[in-house]
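292 is the number that the working numbering gives the last residue of the sequence shown; the numbers go up by one with no jumps. Quick notes on the structure that follows.
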Amino acid sequence: MSTFARKFSLTSLEENPPVWWAALLKQWAPSGSQGEDGLRFAVRNNSCNFYIRGQSVGLIDHDQQLKPRLLVSRKYVDQTATIDDPVLYGADDAPDLAAIVEVAKTKCDKEKSVVDRLVGSNIDVIDLEMGLPASYLGWSSSRRIDLVSLERRDGKILLVFWEVKLVDDGRLVSQTRPKVLDQMERYTHFLREASEHIVKAYANACATLAAVHTAAKALRPDIAPLSGLLSEVVANPAVLAIDGAPRLLVFGEADKRKRGHLEKLAREFPLLHIESEESSLQLRFVAVEGS
Numbered sequence: 002m003s004t005f006a007r008k009f010s011l012t013s014l015e016e017n018p019p020v021w022w023a024a025l026l027k028q029w030a031p032s033g034s035q036g037e038d039g040l041r042f043a044v045r046n047n048s049c050n051f052y053i054r055g056q057s058v059g060l061i062d063h064d065q066q067l068k069p070r071l072l073v074s075r076k077y078v079d080q081t082a083t084i085d086d087p088v089l090y091g092a093d094d095a096p097d098l099a100a101i102v103e104v105a106k107t108k109c110d111k112e113k114s115v116v117d118r119l120v121g122s123n124i125d126v127i128d129l130e131m132g133l134p135a136s137y138l139g140w141s142s143s144r145r146i147d148l149v150s151l152e153r154r155d156g157k158i159l160l161v162f163w164e165v166k167l168v169d170d171g172r173l174v175s176q177t178r179p180k181v182l183d184q185m186e187r188y189t190h191f192l193r194e195a196s197e198h199i200v201k202a203y204a205n206a207c208a209t210l211a212a213v214h215t216a217a218k219a220l221r222p223d224i225a226p227l228s229g230l231l232s233e234v235v236a237n238p239a240v241l242a243i244d245g246a247p248r249l250l251v252f253g254e255a256d257k258r259k260r261g262h263l264e265k266l267a268r269e270f271p272l273l274h275i276e277s278e279e280s281s282l283q284l285r286f287v288a289v290e291g292s
């Protein structure tokens, strides 16, 4: 059974920094900073993913000799490729990251772009596309929660999990039972069963993000700051806890019929409805209606 974990060693990157590592750091846009050309970083289990406008571009990990390498989707390097296995770049390689990122931008869909704008508007977001291991609870396929953020409540700093949907998503509506409810219930089950692993994992992730930020600041003294809550977790991991009720964020203007469906969902799970980009994109505490 897979254990949920978040960790990534920067030692090899610090001792002998690849050219592409500095390029990635210079383009990093930490949570809370807007910019369509900024990269977002996310800590995984012995790797680190990076995204542009919510679209995954590639990841950094280590080979069997513990040397850092960069893996990029082949479709971003060769648009005529018929297979999508990753292109590997070693520590001595110098890929054209600017060209790769430009191609990746063309693959972004509306929901991913919304997720990126939410990251850019919320300094306390610490992860996106949180992968839930399929084997953890015997699932047939993996699941992904769109956003993980930090929130202060009752003397603790809570991990909060957000599933983002566009208002036109068919899984939000049904004459019987919307499919999104099954999705949210699976998430709730996972958060309950794996809570200890999740808290430990994200304490590690916060420490890694802080270390990456230190490296980036050496290259870019004016880089946007990290979350104050993240810094508190790094200083005292024991303050971190988990909010076991995942939240549903619905983006887009809703007519009367859709509002009726959203009202029903809000009685089942915490729901935040953001109607447009002109609305506040701030994530905030929401409770189940009537609770």
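C-beta: ideal position from N, C-alpha, C; glycine also. Everything numeric in this text was worked out from a predicted model, so none of it was measured.
{"Item": "Let me know if serine 228 comes out buried or exposed under the rule of 16 or more other beta-carbons within 10 Å of its beta-carbon.", "Value": "buried"}
{"Item": "Which of the three DSSP states, helix, strand or coil, is assigned to arginine 41?", "Value": "strand"}
{"Item": "Considering glycine 59, what are the terminal residues of the beta strand (DSSP E) in which it resides?", "Value": "56–63"}
{"Item": "If you count every other CB in all the chains shown that lies within 10 Å of the CB of alanine 267, and 16 or more means buried, which is it?", "Value": "buried"}
{"Item": "Specify the secondary structure class of methionine 2 as computed by DSSP and reduced to three states.", "Value": "With a pLDDT of 49 at methionine 2, under the threshold of 50, the predicted position of this residue should be treated as unreliable, though the coordinate-derived value follows. Correct three-state label for methionine 2: coil."}
{"Item": "Distance, Cα to Cα, lysine 316 vs histidine 214?", "Value": "Coverage of the chain is limited to positions 2 through 292, which leaves residue 316 absent and any answer about it impossible."}
{"Item": "Using a Cβ-Cβ distance under 8 Å, would glutamate 197 count as near chain C?", "Value": "Checking the listed chains, one finds no chain C in this structure; it contains a single protein chain."}
{"Item": "Nearest to serine 13 by alpha carbon, out of Ile61, Leu210, Arg45 and Asp38?", "Value": "Ile61"}
{"Item": "Grouping DSSP H, G and I as helix and E and B as strand, with all else coil, what is valine 240?", "Value": "helix"}
{"Item": "Is the Cβ-Cβ distance between glutamate 112 and leucine 167 less than 8 Å?", "Value": "yes"}
{"Item": "By how many angstroms is the C-alpha of leucine 230 removed from the C-alpha of leucine 273?", "Value": "22 Å"}
{"Item": "Say yes only if the C-beta of tyrosine 203 is nearer than 7 Å to one or more non-hydrogen atoms of the ligand SAH, and no if none qualify.", "Value": "No copy of the ligand SAH occurs in the structure displayed, which carries no ligand at all."}
{"Item": "Quick check on valine 20: buried or exposed, where buried means 16 or more other Cβ atoms within 10 Å of its Cβ?", "Value": "exposed"}
{"Item": "Measuring alpha carbon to alpha carbon, tell me which residue in Leu89, Arg118, Asp38 and Cys109 is nearest serine 280.", "Value": "Arg118"}
{"Item": "Can the beta-carbon of tyrosine 52 be found less than 8 Å from the beta-carbon of leucine 71?", "Value": "no"}
{"Item": "Suppose you measure from the CA of leucine 40 to the CA of alanine 30; what does that come to, to the nearest Å?", "Value": "5 Å"}
{"Item": "Taking leucine 249 as the reference, which of Asp256, Val240, Arg258 and Glu264 has the closest Cα?", "Value": "Glu264"}
{"Item": "Whole angstroms are fine: how far does the CA of threonine 107 sit from the CA of threonine 83?", "Value": "17 Å"}
{"Item": "Considering just the uninterrupted stretch of the beta strand (DSSP E) at glycine 245, what are its terminal residues?", "Value": "Per DSSP, glycine 245 belongs to no beta strand (DSSP E) and is neither H nor E."}
{"Item": "Which value, in whole angstroms, describes the spacing of the CA atoms of alanine 219 and histidine 262?", "Value": "49 Å"}
{"Item": "Who are tyrosine 90's beta bridge partners in DSSP?", "Value": "Leu71"}
{"Item": "Just the Cα atoms here: how many angstroms apart are asparagine 47 and proline 247?", "Value": "25 Å"}
{"Item": "Are leucine 160 and tyrosine 203 close, meaning C-beta to C-beta below 8 Å?", "Value": "yes"}
{"Item": "Quick one: Cα of alanine 135 to Cα of tryptophan 163, how far?", "Value": "19 Å"}
{"Item": "For arginine 54, does the count of other Cβ atoms within 10 angstroms reach 16, so buried, or fall short, so exposed?", "Value": "buried"}
{"Item": "Rounded to a whole number of angstroms, what is the C-alpha to C-alpha distance between valine 165 and leucine 284?", "Value": "11 Å"}
{"Item": "Output yes or no for whether 8 Å exceeds the beta carbon distance between proline 271 and valine 289.", "Value": "yes"}
{"Item": "Grab the span of the alpha helix (DSSP H) containing valine 168 for me, first residue to last.", "Value": "Note, valine 168: premise wrong, no alpha helix (DSSP H); not H, not E."}
{"Item": "With a floor of 4 residues, list each alpha helix (DSSP H) that falls wholly inside the region 197–237, ordered by position along the chain.", "Value": "229–236"}
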